[in-house]
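**Student:** Residue numbers (full-length UniProt numbering), protein chains in the order written: chain F, 1 to 248; chain E, 1 to 248.
C-beta: ideal position from N, C-alpha, C; glycine also.
What you are looking at is a predicted structure, and each value in this text was computed from that prediction instead of being measured.
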DNA sequence: AGGCGCTTGTGAAGCCGTGCACAAATCGCG
DNA sequence: CGCGATTTGTGCACGGCTTCACAAGCGCCT
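#1: Sorted by chain position, which residues of the same chain lie with C-beta nearer than 8 Å to residue 181 of chain F's C-beta, five sequence neighbours on each side aside?
#2: Taking Cβ positions only, does residue 233 of chain F come closer than 9 Å to chain E?
#3: The alpha helix (DSSP H) that contains residue 85 of chain E, what's its start and end?
#4: May I ask you to list, following chain order, the residues of the stretch 194-213 of chain E that have a beta carbon less than 9 Å from some beta carbon of chain F?
#5: Leaving aside the five residues before and after residue 119 of chain F along the sequence, list all residues of the same chain whose C-beta is less than 7 Å from its C-beta, in chain order.
#6: Exposed or buried, residue 8 of chain E, counting other C-beta atoms within 10 Å across all chains shown (16 or more means buried)?
#7: Check this for me: beta carbons of residue 191 of chain E and residue 52 of chain F, under 9 Å apart or not?
#8: Three Cβ pairs or more, each shorter than 8 Å: is that satisfied between the stretch 103-112 of chain F and the stretch 77-88 of chain F?
#9: Check whether the Cβ atoms of residue 100 of chain E and residue 163 of chain E lie closer than 9 Å to each other.
#10: Who are the Cβ neighbours of residue 74 of chain F in its own chain at under 7 Å, not counting the five residues just before and after it?
#11: If you measure beta-carbon to beta-carbon, which residues of the stretch 174-186 of chain E are closer than 7 Å to chain F?
#12: Can you check DSSP and say which residues form a bridge with residue 75 of chain F?
#13: For the beta strand (DSSP E) containing residue 183 of chain E, name the first residue and the last one.
#14: In chain E, which residues lie less than 7 Å from residue 104 of chain F when you measure between Cβ atoms?
#15: Is there at least one Cβ from chain E nearer than 9 Å to residue 115 of chain F's Cβ?
#16: Residues of chain E with a CB under 8 Å from the CB of residue 254 of chain F: which are they?
#17: Check whether chain F comes within 9 Å of residue 22 of chain E, counting only Cβ atoms and requiring the distance to be less than that.
#18: Could you list which residues in chain F have their beta carbon closer than 9 Å to that of residue 51 of chain E, in chain order?
#19: Just the chain E side, please: which residues come within less than 9 Å of residue 279 of chain F by C-beta, in chain order?
#20: Report yes or no: do the stretch 127-144 of chain F and the stretch 54-64 of chain F share at least 3 C-beta pairs separated by less than 8 Å?
#21: For the stretch 71-94 of chain E, list every residue whose C-beta sits within 8 Å of some C-beta in chain F, in sequence order.
#22: Enumerated in chain order, which unbroken segments of the beta strand (DSSP E) with a length of 3 residues or greater are wholly contained in the UniProt domain "CoA-binding" (91-191) of chain E?
#23: Measuring CB to CB, does residue 177 of chain E end up less than 9 Å from residue 149 of chain E?
#24: Spell out whether any CB of chain E is found under 9 Å from the CB atom of residue 18 of chain F.
#25: Starting from residue 22 of chain E, follow its DSSP beta bridges and name the residues at the other end.
#26: In the structure shown, what three-state DSSP assignment does residue 16 of chain F receive?
#27: Since residue 97 of chain E meets chain F, which of its residues come closer than 8 Å, beta carbon to beta carbon?
#28: Please list, in chain order, the chain F residues whose beta carbon lies closer than 7 Å to that of residue 30 of chain E.
This is the structure:
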């Protein structure tokens, strides 16, 4: 590999993993926890790949970036691998997360158990609407967004979730960044402008459906047409095994 | 499911566009609607790219796949482009969507206005829990999952959203496919196996946070070494222009 | 009518990610 | 102790996506 080993800094951490690999590590982690609960001590790359829904070669290459992990002829030690991935992802401690906007979606997110079980703690809820401030949700009190700087500092929050209407999202993002938040998960359907050094990930539910809509549209167009003009390599629903997933 | 070809199809209809392009078209569409509301008649690729948060060359190449769209020296006609994209995405009619699982998250999704305003209609709610069947949510009655085939057929549903716990998701997916659904948006944190020809997109909220966690971890590891300002909140930021977003 | 400025559309180059195929490494067993 | 079975780690080639840079086209102004 021509991965640049820049000099002596063969540090304990892993500066550059491919972004695609990073996006898959959580998937492996989930599958590994599942395997651990089922009592497995080791997994082969083939087995873990199947559980995570990816190609086994891809999985091995992904894990190879973490350093020595597997044992040839045996496989991967489940608990060891869990530890390594959690280390790399920075999940060795529960990260505090702020949630802004306790409307329809925000309410649900505040109560979503998956955050708690996978390394995060919703540490604070915010809303701009004074009539919502003070409300109790899942053991937390909704605070006004003006309290952001104070709470962010107090709770050492670096990640925030935006679940506000789109028109408020940019303003909220600005205030979050100002308060010291450096990672944002945005559920509002809009583009956020943030300074360099701040990461934004976006989840747009309608977009996901629209992408599916395209594929539906294409499928129905194909079945409506005679199967005359079709290139050999392209379309066609050959029955290979396993599910296909359009991933992010 | 008989999808009739309606209208005069003037031109090559559905070329296979790159998947990456398909994923961005909804983003453009949203930006265009926003521009239209602001009274813009035309947009340059530069302007639309900025509104959608992408590179302008990429945007032009994306749109070039749709056929002749823009006018050199002028830009793109906003309403025309909206029509073209909606056509390609199959959004010329509102697609009926089924939502399975009206728990915490499902409730919120059932009430999410964004679906309605962007081409979809939640046509039915399902749950396996009999105590939830009959409940009214947002003008819809929750039906038991056994009614799936009947309702899917009745309402011509081809897209479904799974918002069940993970352990139930595969079973639900099987029944959806059996009932004729060919596109699934999965919110349950698990891998779904579906036959070929069925599309699955997955949204895992915890994974998004874990990816952000990695970047947080990396950032803090970087600032630990060089010039020391040990305030955990505010890390040193380079000042290149523009925000950075970790995209899909 | 002709030129000029602006914007699109695209050829070409480079980068990243994927998957195959195989050598290296490890364990278990005779 | 050595051999075979097994599985990891990775070199390599390929395809897709992104980005740059620029020629081609269009409208406007003189």
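**Tutor:** By the coordinates alone:
#1: 98, 152, 157, 158, 159, 160 and 198
#2: Low local confidence applies: a pLDDT of 36 at residue 233 of chain F is under 50, so the model's placement there is unreliable, with the coordinate-based value given in what follows. Not an interface residue.
#3: 78-89
#4: 194, 195, 196, 197, 198, 199, 200, 201, 202, 203, 204, 205, 206, 207, 208, 209, 210, 211, 212 and 213
#5: 91, 94 and 95
#6: Reliability fails at residue 8 of chain E, whose pLDDT of 40 lies under 50, so the model's placement of it is uncertain and no value is given.
#7: yes
#8: no
#9: yes
#10: 42
#11: 182, 183 and 185
#12: F/71
#13: 183-186
#14: 108, 111 and 112
#15: yes
#16: With chain F running from 1 to 248 in the structure shown, residue 254 of chain F is simply not present.
#17: yes
#18: 191
#19: Nothing can be reported for residue 279 of chain F: it is not among the residues displayed for chain F, which extend from 1 to 248.
#20: no
#21: 88, 89, 90 and 91
#22: 95-100, 120-127, 140-144, 159-162 and 183-186
#23: no
#24: no
#25: Answer is none; residue 22 of chain E lacks a bridge partner.
#26: coil
#27: 209
#28: 189
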